[in-house]
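Quick notes on the structure that follows.
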Amino acid sequence: MNDTALTVHQIARPHGFPTAEHFTFIESTIPDPAAGSALVENLYWSVDPYHREMMDDVPGGFALGAPLEGRTIGRVIASRTPRLAEGDIVFHRQGWRTHMVVTPEEIRRLPLFDGVPPTAYLSVLGGTGLTAYVALTRIARLQEGEDLFVSAAAGGVGTATGRFARLLGAGLLVGSAGSAAKADHLTREVGYDAVFDYHDGSAADLLGKVAPDGIDVFVDNVGGEQLAAAVGALREFGRIVRIGTISQYNTPDVSLPRFDHADIVEKSLRMEGFLVGNYREVQEELHEFAVPHLQSGRLALDETVVDGFDHIVDAFLGMLRGRNTGKTIVRDQTQAPYVS
Ligand SMILES: NC(=O)c1ccc[n+]([C@@H]2O[C@H](COP(=O)([O-])OP(=O)(O)OC[C@H]3O[C@@H](n4cnc5c(N)ncnc54)[C@H](OP(=O)(O)O)[C@@H]3O)[C@@H](O)[C@H]2O)c1
239 MNDTALTVHQ
249 IARPHGFPTA
259 EHFTFIESTI
269 PDPAAGSALV
279 ENLYWSVDPY
289 HREMMDDVPG
299 GFALGAPLEG
309 RTIGRVIASR
319 TPRLAEGDIV
329 FHRQGWRTHM
339 VVTPEEIRRL
349 PLFDGVPPTA
359 YLSVLGGTGL
369 TAYVALTRIA
379 RLQEGEDLFV
389 SAAAGGVGTA
399 TGRFARLLGA
409 GLLVGSAGSA
419 AKADHLTREV
429 GYDAVFDYHD
439 GSAADLLGKV
449 APDGIDVFVD
459 NVGGEQLAAA
469 VGALREFGRI
479 VRIGTISQYN
489 TPDVSLPRFD
499 HADIVEKSLR
509 MEGFLVGNYR
519 EVQEELHEFA
529 VPHLQSGRLA
539 LDETVVDGFD
549 HIVDAFLGML
559 RGRNTGKTIV
569 RDQTQAPYVS
């Protein structure tokens, strides 16, 4: 065990893309757990686009000069509560730091399914996978054979959406991503039929080429021009699932998308957004759906794993710029790659 704890603080508010200068690493001695609590050494951290939204001066956003929040998995290394034992693997939300004193109420025990690597609890079985699963089953209410377009298809939510959609019997599955290499991965490995690089022209033209007969469902992680294009491409009774708006998080001055509002009426379209935090009750159903597929190999993990807590800020900034394929996870360097 290291002698020193490290905690990341945000120290300035960005306008546009954040940089390493907006963060600092604070060293401290490792805290002692008080009676009724336990000390957790964090082992895996999730960095997410919503952290970028929290960097702004918004209600519930990050306070400057204070520890940040984020999903993390750690191991109990000292305990002063009978409800947590040394060696327990726990999930909690006090991420962006190497150590944390927690009470039993602040943690969730992970079910730890056989043959499932620990990173999966932050990717396809965690909030990212739950977002994809809720999008398809609760918001789109995807029917077998329906045709689907997914934006930011190569990210954490986008890859999980693609893999789940295939398992749920989607028809045509098309996506957009930021590079030809990502498009290639999605069509070769994830099950997408066709993927365009959104840098290659107008979204309406590119979507028209991969889905010439239109789509039934748009799962939107991006917003902007791709959202406008999808409104045009949707068929009667189509659904738009608004998950995120990453095209706007780092470009606050960009103009908002324009689309034909009459399309929503004439084609009886439904557009619905959601926050995954309001669907915690679906978590167990996600496990029942996804774990057998993970164990049988029908569902694979798409993850970009960055080793070393000291790289957490780089991992976060890289994800915002699209350096990841699949879910971005930071791993403590003591954790050897998982072999099932
Ligand atoms: N509603 C909810 O509860 C909920 C929960 C989780 C996530 N989300 C949202 O879902 C979206 C995806 O999140 P994630 O965790 O899976 O992140 P992610 O997709 O793994 O990472 C972000 C990706 O966004 C893409 N991107 C960045 N700037 C872009 C731009 N201007 N236009 C198009 N794509 C851009 C990058 O890939 P490229 O190389 O393809 O550009 C990057 O890899 C985000 O909008 C996030 O806020 C919402």
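Residue numbers (our numbering): 239 to 578. For glycine and all other residues, C-beta sits at the position ideal for the given N, C-alpha and C.
TODO: Return the bridge partner residues of G511 from the DSSP annotation.
DONE: R480
Task: Backbone secondary structure at V543 - three-state DSSP - done: strand
- [ ] Measure the C-alpha to C-alpha separation of V568 and T542 and round it to an integer number of angstroms.
- [x] 8 Å
TODO: Tell me whether Y288 counts as near ligand 1, meaning its Cβ is closer than 7 Å to at least one heavy atom of that ligand.
DONE: yes
Open item on the list: Report the start-end ranges of each alpha helix (DSSP H) in the segment 298-377 that is 4 residues or longer and not cut off at the edges.
Closed with: 365-372
TODO: Note down the Cα distance separating F261 from H423, rounded to an integer number of angstroms.
DONE: 32 Å
Task: Cβ contact check for the segment 285-295 and the segment 335-352: 3 or more pairs under 8 Å - done: no
TODO: Quick one: give me the first and last residue of the beta strand (DSSP E) that Q571 is part of.
DONE: Counting along the chain, Q571 falls outside any beta strand (DSSP E), and DSSP gives it neither H nor E.
Task: Own chain, CB closer than 8 Å to G564, minus 5 neighbours either side, in chain order - done: S361, A392, G393, G394, T397, L539, D540, E541 and T542
Open item on the list: With H, G and I counted as helix, E and B as strand and the rest as coil, what does DSSP make of R518?
Closed with: helix
TODO: Kindly indicate which residue of Y430, E519 and I377 has the alpha-carbon position closest to the one of S389.
DONE: Y430
- [ ] Would you kindly report the start and end of the unbroken beta strand (DSSP E) that includes H289?
- [x] Careful: H289 lies outside any beta strand (DSSP E), inside the alpha helix (DSSP H) at P287 to M292.
Open item on the list: Between R404, R331 and R313, which has its C-alpha nearest A528's C-alpha?
Closed with: R404
Task: Span of the beta strand (DSSP E) around G413 - done: L411 to A415
Open item on the list: I'd like the span of the beta strand (DSSP E) that includes Q248, first residue to last.
Closed with: T242 to Q248
Task: G452 vs R426 beta-carbon contact at 8 Å - done: no
TODO: Mind the definition here: the segment 281-292 touches the segment 346-366 only if three or more C-beta pairs lie below 8 Å; say whether that holds.
DONE: yes
- [ ] Taking V412 as the reference, give the member of A418, F402, V428 and V433 with the closest Cα.
- [x] V433
TODO: Could you check the C-alpha separation between R335 and P356 for me, to the nearest Å?
DONE: 18 Å
Task: Residue of H247, E522 and Q571 minimising C-alpha distance to G546 - done: Q571
Task: Residue range of the unbroken beta strand (DSSP E) whose run includes L281 - done: A276 to S284
Open item on the list: Going by DSSP in three states, S534 sits in which element: helix, strand or coil?
Closed with: helix
Open item on the list: To test your reading of the DSSP string, which unbroken beta strand (DSSP E) runs of 3 or more residues are found completely within the segment 376-406?
Closed with: 386-388
Open item on the list: Let me check you understand the geometry: is the CB of L558 closer than 7 Å to at least one non-hydrogen atom of ligand 1?
Closed with: yes
TODO: Taking all protein chains shown into account, decide if S485 is buried (16 or more other Cβ within 10 angstroms of its Cβ) or exposed.
DONE: buried
Task: Cβ neighbours of G299 in the same chain (closer than 8 Å, five flanking residues each side left out) - done: E291, M292 and M293
Task: Identity of the residues DSSP links to I264 by a beta bridge - done: T245
- [ ] Using the Cα positions of A378 and G476, report the straight-line distance between them to the nearest angstrom.
- [x] 9 Å
Task: Under the three-state DSSP convention, the category V460 falls into - done: coil
Open item on the list: Please classify Q381 as buried or exposed, where buried requires at least 16 neighbouring CB atoms within 10 angstroms.
Closed with: exposed
- [ ] Indicate the three-state DSSP secondary structure (helix, strand or coil) for V503 in the structure shown.
- [x] helix
Open item on the list: Do A373 and I481 have their beta-carbon atoms positioned less than 8 Å apart in this structure?
Closed with: yes
Open item on the list: Quick check: is any heavy atom of ligand 1 less than 7 Å from the C-beta of T425?
Closed with: no
Open item on the list: Just to confirm before moving on: does the CB-CB distance between L583 and A258 stay below 8 Å?
Closed with: Residue 583 is absent from the structure shown; the chain starts at 239 and stops at 578.
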